[in-house]
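Taking it in order: structure first as C-alpha cells, then the write-up.
Numbering (my numbering), first residue to last: 729 to 1084.
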C-alpha cells in the first residue's frame, strides 16, 4: 500500500486543500498520515477524518520581524525537525504533501533528511509564505496558483503552475431563488459584500456608514461574517451572518462583488466573471500577500482596489466606477487565459508522478 504524509496548518487556508485531497487518496487505497501542531486548527479538523494517523510536533512561529518570542521558537523549530524526522523514518511515506504554515517547514526538512524524494508543496498566493519560501530548496515540486510566483522565487525549475484548486460550489446559481431570498426586485442592480467566514471589520463598518447612499442606486447583499453584529435589514438591504448552500445563488445575482483578496476568494470570483472591488487585508495584519494578489488582478483588468484606510470614504465612488465599466471587466475575464485545477486533477498529477 502506498503512503502519503500531509502537513500544513496554523490557519484554515493551510488545511482546506489537504481536507479535499485526503479522501481522494484514501479512495485510491493510499494510507494517509498527517503531521501538524498540537494546538493548531489542523489538529481539530484532521482528527475528524477516519483512518488518518495524526502526529503532533513542536512548532515555532516563523516571523519576519524582531520579537523576543523568536528566541524561544529557535528552540522549538529544531525540536520539531527532529520529531518530524523520527516520525517520517517510522512511517516511511512514499510522498509528502505540504500546504504551508509554520508547522510545515520542520516536516519538509525532516522528510528531506530522511531521504524522501517526492516532496510536494503548494502555495495559494502570489508570493510564498515564509515557511514555503525556506522549504523550497528541499522540495521536488512546487505547485503554484499564480503564474507570477515564478518572478518571486529561486529554484524556478521546481515550479509547476497549476492555477487555483477550485471546487464547483458556485456553479449553477439560481438568480430567481436569490432574489426571492432577499426580497429584491429586478429594477436595481445588486452589489454583494463578502468579508470572509469571520467577517472584515473595515468592510462591515464602511457598508453601514455608506448604506443610505448605496441604496439610492443599488440593492445590497451583506455577508458580515460569523459572530458579527447584523444591521437590521430594510428595503433593498439583506444582511447575512454566514451563507453556505445559498452562496452560489447570491453570487449569481450580484453585479459587483466587494471582497478581501485571499487567493481562493478572488479566483472563485474570476471563475464566475464577477467584476470586483478588492479591499486587501492590510500589511499590519498580514505579510502583504493580499495586496499582491489584488494588484495582479487589477493589472489584468479584473478588479479595482481600495485600501483599508480608504474604504469608508471612497466606497460609493469606487463601486460606481466598477459598475459603470462592468462589461470591460467581464470581457477581460472572459478572454483571459488562466488555469484552474480541481482536487481530483491535483490528486491525479501527484499519483501519476509516482508511476514515472
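Heads up, the beta-carbon is just placed ideally off N, CA and C, and yes, glycines get one too. Source: prediction; values computed, not measured.
Discussion item. Please give me, in chain order, every unbroken run of the alpha helix (DSSP H) with length at least 4 that falls completely inside the segment 953 to 1027.
Written reply: 975 to 981, 991 to 999 and 1017 to 1027
Worksheet item: In this structure, what does DSSP give as the bridge partners for residue 950?
Response: 921 and 967
Worksheet item: Given residue 917, which residues of its chain have a CB within under 6 Å of its CB, disregarding the five upstream and five downstream residues?
Response: 946 and 983
Fill in: Burial state of residue 973 (16 or more Cβ within 10 Å)
exposed
Worksheet entry | Residues of its chain near residue 1074, where Cβ-Cβ distance is below 6 Å and the 5 sequence neighbours each way are ignored | 893
Worksheet item: Quick one: what's residue 759 bridged to in DSSP?
Response: 731
Item to complete: Compare the beta carbon distance of residue 991 and residue 904 with 8 Å and say whether it is the shorter of the two.
Response: no
Worksheet entry | Proximity winner among 827, 863, 855 and 1035, relative to residue 840 (alpha-carbon distances) | Looking only at 827, 863, 855 and 1035, the smallest Cα-Cα distance to residue 840 is reached by 863.
Worksheet item: Distance, Cα to Cα, residue 806 vs residue 821?
Response: 21 Å
Worksheet item: According to the Cβ coordinates, are residue 737 and residue 829 closer than 8 Å?
Response: yes
Practice prompt. Alpha carbon to alpha carbon, how far is residue 881 from residue 906? Give it in angstroms, no decimals.
Written response: 43 Å
Worksheet item: For the beta strand (DSSP E) that residue 846 lies in, which residues bound it at each end?
Response: Element bounds for residue 846: n/a, residue is neither H nor E.
Worksheet item: If you draw a straight line from the alpha carbon of residue 781 to that of residue 964, how long is it in whole angstroms?
Response: Going from the Cα of residue 781 to the Cα of residue 964 covers about 50 Å.
Discussion item. What would DSSP say about residue 1079, mapped onto helix, strand or coil?
Written reply: Here residue 1079 sits in helix by DSSP.
Discussion item. If you measure between the beta carbons of residue 971 and residue 978, is that distance less than 8 Å?
Written reply: yes
Worksheet item: Contact check, residue 1022 vs residue 1008 under 8 Å by CB: the rounded distance?
Response: 5 Å
Discussion item. Can you look up residue 1068 in the DSSP assignment and give me helix, strand or coil?
Written reply: DSSP, read as helix, strand or coil, puts residue 1068 in coil.
Worksheet item: Any idea what DSSP makes of residue 869, helix, strand or coil?
Response: strand
Discussion item. Just verifying my parser: in three-state terms, what is the DSSP assignment at residue 928?
Written reply: When secondary structure is reduced to three states using DSSP, residue 928 falls in the coil class, being assigned neither helix nor strand.
Worksheet entry | Within the segment 810 to 865, ranges of the beta strand (DSSP E) (whole runs, at least 3 residues) | 823 to 826 and 847 to 851
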